[in-house]
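Protein chains in written order, with our numbering: chain L, 708 to 1357; chain G, 465 to 741. Beneath this line is the structure, given in structure tokens, with notes to follow.
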Amino acid sequence: MRVAWLVSGGSVLTATALFFLVATQQLPLSDWPRAWSEARTIDEIILVYGMLPRAAVAILAGAALGLSGALLQQLLRNPIADPSTLGISAGAQLAIVIATLFFPDVVDGSRTSVALFGAGVAAAIVFALGWRASFEPVTMIVSGLLVGVTSAAVSAALTLAQGEYLMSLVTWNGGSLSQQDWAVTNALSVELFVACALAALLIRPLLLLGLGDSSARSLGVNLKGVRLGVATIATMLAGVVAANVGLISFVGLAAAAFVRGCGVRRGWAIIALAPLAGGVFLWLCDGLVQAVAGATGETFPTGSVTALVGGPILLWLLPKVRTLSVSAQSNRPDVRVPLSKGIMVFFAILPIIVAIAYFLANTGQGWVVLSLSDAAELAPLRWPRLIAAAGAGGLLALTGAILQRLTGNPMASPEVIGVSGGAGLGFAAALSLVPTAGPYTLAIGAATGGFCAMVAVLAFALRQNMPAGKLLLTGIAVSSLSSSVLAVLMAAGDQRAWQILAWIGGTASAATPATAIFLALLAVTVLGLAMTMIRWLTLFPLGIPTAKSLGVPVGGSRALILALCGLATGAASVLVGPLSFVGLIAPHIAVRAGFITARDHLVASFLLGSMIMAFADFGSRTLTFPYELPLGLFAAMVGAPYLVWLVGRR
Amino acid sequence: MLASRAAAQPAPRVAAIDWAMLETAVTLGVMPIAATELIQFRKDAVEPALGGSVVDLGLRGTPNFELLQLLRPDLILLSPFYTRHQAALKRIAPIVSLPFYIKGEPPFEKATSAVTVLGEHLGRSKEAATALASIENSLIECRSKLERFAIRPTYLVNVGDARHVRVFGADSMFGDVLSRLGLPNAWKERSRYTFAAPVPIEQLADTEDARIVIISEIPVEARSALRNSMIWNSLEPVKRGRVLMLENISPYGGVIAAMRFVRLLSAALVADAEAAQ
Chain L
708 MRVAWLVSGG SVLTATALFF LVATQQLPLS DWPRAWSEAR TIDEIILVYG
758 MLPRAAVAIL AGAALGLSGA LLQQLLRNPI ADPSTLGISA GAQLAIVIAT
808 LFFPDVVDGS RTSVALFGAG VAAAIVFALG WRASFEPVTM IVSGLLVGVT
858 SAAVSAALTL AQGEYLMSLV TWNGGSLSQQ DWAVTNALSV ELFVACALAA
908 LLIRPLLLLG LGDSSARSLG VNLKGVRLGV ATIATMLAGV VAANVGLISF
958 VGLAAAAFVR GCGVRRGWAI IALAPLAGGV FLWLCDGLVQ AVAGATGETF
1008 PTGSVTALVG GPILLWLLPK VRTLSVSAQS NRPDVRVPLS KGIMVFFAIL
1058 PIIVAIAYFL ANTGQGWVVL SLSDAAELAP LRWPRLIAAA GAGGLLALTG
1108 AILQRLTGNP MASPEVIGVS GGAGLGFAAA LSLVPTAGPY TLAIGAATGG
1158 FCAMVAVLAF ALRQNMPAGK LLLTGIAVSS LSSSVLAVLM AAGDQRAWQI
1208 LAWIGGTASA ATPATAIFLA LLAVTVLGLA MTMIRWLTLF PLGIPTAKSL
1258 GVPVGGSRAL ILALCGLATG AASVLVGPLS FVGLIAPHIA VRAGFITARD
1308 HLVASFLLGS MIMAFADFGS RTLTFPYELP LGLFAAMVGA PYLVWLVGRR
Chain G
465 MLASRAAAQP APRVAAIDWA MLETAVTLGV MPIAATELIQ FRKDAVEPAL
515 GGSVVDLGLR GTPNFELLQL LRPDLILLSP FYTRHQAALK RIAPIVSLPF
565 YIKGEPPFEK ATSAVTVLGE HLGRSKEAAT ALASIENSLI ECRSKLERFA
615 IRPTYLVNVG DARHVRVFGA DSMFGDVLSR LGLPNAWKER SRYTFAAPVP
665 IEQLADTEDA RIVIISEIPV EARSALRNSM IWNSLEPVKR GRVLMLENIS
715 PYGGVIAAMR FVRLLSAALV ADAEAAQ
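See below:
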């Protein structure tokens, strides 16, 4: 307890000291009263209209995010719920990106409504996805991640499709707190006041919800109404912060975690104290950013600092997360289809895709069928990307199928094991350290990054008693860290940012004959290796105790399987970017089509994934010819409706 | 002898992936048959005007290799920024890759030497020499014309949003050209982020007697917020009306962008001085 108070007091003191350190450099303290009553010189104006509102905004935005996080955590009984981990902030970001690109007049004035709309849609999707799993924490976070990944992919794709390096968007993404007047302060304080009042009204029924649904209902709580109300308040808080200061992640997570770490256990106390902790936390981070900027002249957005702190906090919280086993059996159809039939269908469709890829072209004026000689001339350009895309699709789909079986969680997919996040970090590092990085340097960088991320996740996986669901969370922590670092680099703002955006979007055009053949061989090898693990993958979905009693070495087999998945995802994302969705969707479709046993499921997912990606490559190449669309956008176009469908079905 | 041979040669079929190289080719009198992102180029760079026959090759980050293949160029122009695609492009046609923007180094001299080097590649050394001489001449001419404006330092900025600007330091094309015109740059710091530093606008308060030159139009979504911004309006140059607006110029261009900047800047300075009298 005493340590907790020391840390709290120390944080407040440090934040205050940092603020006065920076502010008195601007204007001596003795001049403050005069500046406050009438600011005339530029130094006085910067203090009164720049620095003071900046401190106020830091505290208010931190408090809003802290409250939002604490409410979501209480509502979902999930210690890692936060507007950023639930994808709400990313939804707000996507809405602003879309509005900036297509309706700039709307953003100039009603930025807040735009962000609130995006936040609301994202929250609605994540909550609807979690509904079926009774808001089980891991499912909620994985859904949030998928919504976040989709939003980021679509934002990147749109930014690229515009062909312009949009500085304002990128700066906004990083979360910059700099202010020019008191407008944002006023908006945030009104909103925070309203939200606090509403939260105070709902706090009793919200705490009763914690007793369990039936107890709460018997005490006269309107379950739906309370849930909807609390979720709305939390989303509104996050949306308004996103509109005014940009993407600041993990504050809600850190604030509530800190309050609990101080020994506070009562629900109402956590909700009451989290805004204070959030305010101090963000003020402290902003003070550090300003002090560093003052000392070295380097400016970077405050959001980047909170994100860097957030990843480790997420890892630290993992042991506290409750996990329920989601039944993987529920969506199995009754009819089993023999694998040979699936393979026949594959070989029937394959020639059609190849023919389309080779002979159909969009000239910009219309669709034409190429002559044999034209097709022959273009063939050396087309086959490497076709093979690379198919190979990557197969690898990702296989990984998805393996992970879904291993964890028993239908939302598991390659991006959640953190390998593509790590690959992104490595890619960015290679770009930053080598001024004229060629394809091999970038590939080596991405592979190294992916490998490091995988080792980190494996280190966690080797702990025997860790439930499978937490594996996913480990991967998510790595992914979050990586995406925040990428956001910082983009906020740093030179031409490298543009290459990072292109990589996030995903493209097969960088594939060469050598890399395509490598990817294809690797895909077949990984499929072969996966076939040797069929017994484990058949037994894992039955539960860890069952698997153990049947002689599966849980820790070792899990590490081997994950190493294979890491290799597959790493290779795929090094060559064609961190493609989303194919790893999620293909295994689902395969199961629904009737490929039920572990062997059938894996092979069918692999074939389906490679077909989907081969076709997506054709689409990305031709749809907006000559401007190439990112592969990731295509995958997201397939994935988003699929998620909606998943929500709609019982 | 040389001239007659050059005239007899048909114009080489050149495709430009890099915008600065595109400008360099046009400077030598070679209109490329294809170049990247023409929609954006016509909007952002404006000059040189490109004919309707120039084929759009798609995004700079992912140029359309197939279209390029079908066009059968003799030569592909790029810069080290596109090293990632170099191998793929080499399979289509010979390439020339010249550096323009290297971290921390002033780019103007690189742009002029690119004219010379590409002139040699295309057998147009004479055109290169003529073009460089005329660039040199107009720089000298403008330098003496703008001498009287050197009493004030100049901030060269590009508005990002209502709270942030890019500031062009000595290692940018505009900053480099500004100092060649004999005008002091008010932004003394080395730009840590080479070409673009997303700088909060209050940092423009350091040099009170400066003028602010805004290069390229202000984004629509930032206009009203900037107009109402307390700090922007209390910057000395803004209060005293020492803000000049220039039309769009490509920040990563070659000699044509540099000379467009020279022309627009001197026109704006002179017009402003005349209006004040």
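Beta carbons: idealized from backbone N, C-alpha and C, even for Gly.
By alpha-carbon distance to A765 (chain L), the top candidate from L:A722, L:L1330, L:L736 and L:A961 is L:A722.
Exclusion of the five residues before and after F1066 (chain L) leaves V1076, L1077 and A1082 as the residues of its chain whose Cβ lies within less than 6 angstroms of its Cβ. Identification of chain L residues near A552 (chain G) by a Cβ-Cβ cut-off of 7 angstroms yields T1219, ordered along the chain. The segment 683 to 698 of chain G makes no contact with the segment 633 to 644 of chain G, as fewer than three CB pairs between them are under 8 angstroms. Taking the CA atoms as reference points, A802 (chain L) sits about 5 angstroms from G825 (chain L). Residue contact with chain L for P648 (chain G): absent (no Cβ-Cβ distance below 9 angstroms to any residue of chain L). The segment 575 to 592 of chain G makes contact with the segment 558 to 566 of chain G; the number of CB pairs closer than 8 angstroms reaches 3 or more. DSSP places W483 (chain G) in the uninterrupted alpha helix (DSSP H) bounded by W483 to T491. Chain-ordered, the chain G residues with CB closer than 7 angstroms to the CB of Q1206 (chain L) read G525.
Within the segment 526 to 546 of chain G, T526, N528, F529, E530, L531, Q533, P544 and F545 place their CB atoms closer than 7 angstroms to a CB of chain L, listed in sequence order. At a cut-off of 9 angstroms, the C-beta of E672 (chain G) has a neighbouring C-beta in chain L.
The contact set of L521 (chain G) on chain L, defined by CB atoms closer than 7 angstroms, consists of P1333 in chain order. In the DSSP annotation of this structure, T671 (chain G) is not part of any alpha helix (DSSP H), being labelled neither H nor E. With fewer than three CB-CB distances shorter than 8 angstroms, the segment 811 to 823 of chain L does not count as touching the segment 966 to 976 of chain L.
G798 (chain L) has its alpha-carbon roughly 15 angstroms from the corresponding atom of L836 (chain L). Close partners of L1149 (chain L) in chain G (Cβ separation under 9 angstroms): R548.
Here V891 (chain L) has P760, V764, N951 and V952 as same chain residues with Cβ atoms under 8 angstroms from its own Cβ, once five neighbours each way along the sequence are excluded. Within 10 angstroms of the beta-carbon of W1210 (chain L) lie 16 or more other beta-carbons, which makes it buried. Beta-bridge annotation (DSSP): R630 (chain G) is paired with G:N622. Nearest Cα to V1233 (chain L) within the set L:I1268, L:I1207 and L:S1216: L:I1268. At least 9 angstroms separates the CB of A949 (chain L) from every CB of chain G. Here the alpha carbon of L1021 (chain L) sits roughly 7 angstroms from the alpha carbon of I787 (chain L). Between the C-alpha atoms of G1128 (chain L) and S1189 (chain L) there is a straight-line separation of about 5 angstroms. Legend: CB atoms of the segment 626 to 650 of chain G lying less than 8 angstroms from CB atoms of chain L belong to residues A626, R627, H628 and R630. The segment 703 to 719 of chain G and the segment 480 to 497 of chain G touch, with no fewer than 3 CB-CB distances between them shorter than 8 angstroms. Contact between the segment 1106 to 1119 of chain L and the segment 1146 to 1163 of chain L is absent: fewer than 3 CB-CB pairs across the two stretches fall below 8 angstroms. A residue is called buried when at least 16 other Cβ atoms come within 10 angstroms of its Cβ; Y546 (chain G) meets this threshold and is buried.
One Cα belongs to P740 (chain L), the other to F1134 (chain L), and the distance between them is close to 51 angstroms. Here L899 (chain L) has L767, A770 and A771 as same chain residues with Cβ atoms under 7 angstroms from its own Cβ, once five neighbours each way along the sequence are excluded. Boundaries of the beta strand (DSSP E) around L539 (chain G): L539 to L542. In this structure L514 (chain G) does not touch A595 (chain G) by the C-beta definition: roughly 18 angstroms separates them, more than the 8 angstroms allowed. One alpha carbon belongs to E738 (chain G), the other to I676 (chain G), and they sit about 18 angstroms apart. Going by DSSP, L1336 (chain L) is part of no beta strand (DSSP E) at all; its letter is neither H nor E. Taking all protein chains in view, the Cβ of W1074 (chain L) is surrounded by fewer than 16 other Cβ atoms within 10 Å, so the residue is classified as exposed. With respect to chain L, the C-beta atom of M485 (chain G) has no partner C-beta closer than 9 angstroms. V901 (chain L): member of the alpha helix (DSSP H) spanning A890 to L916, first to last residue.
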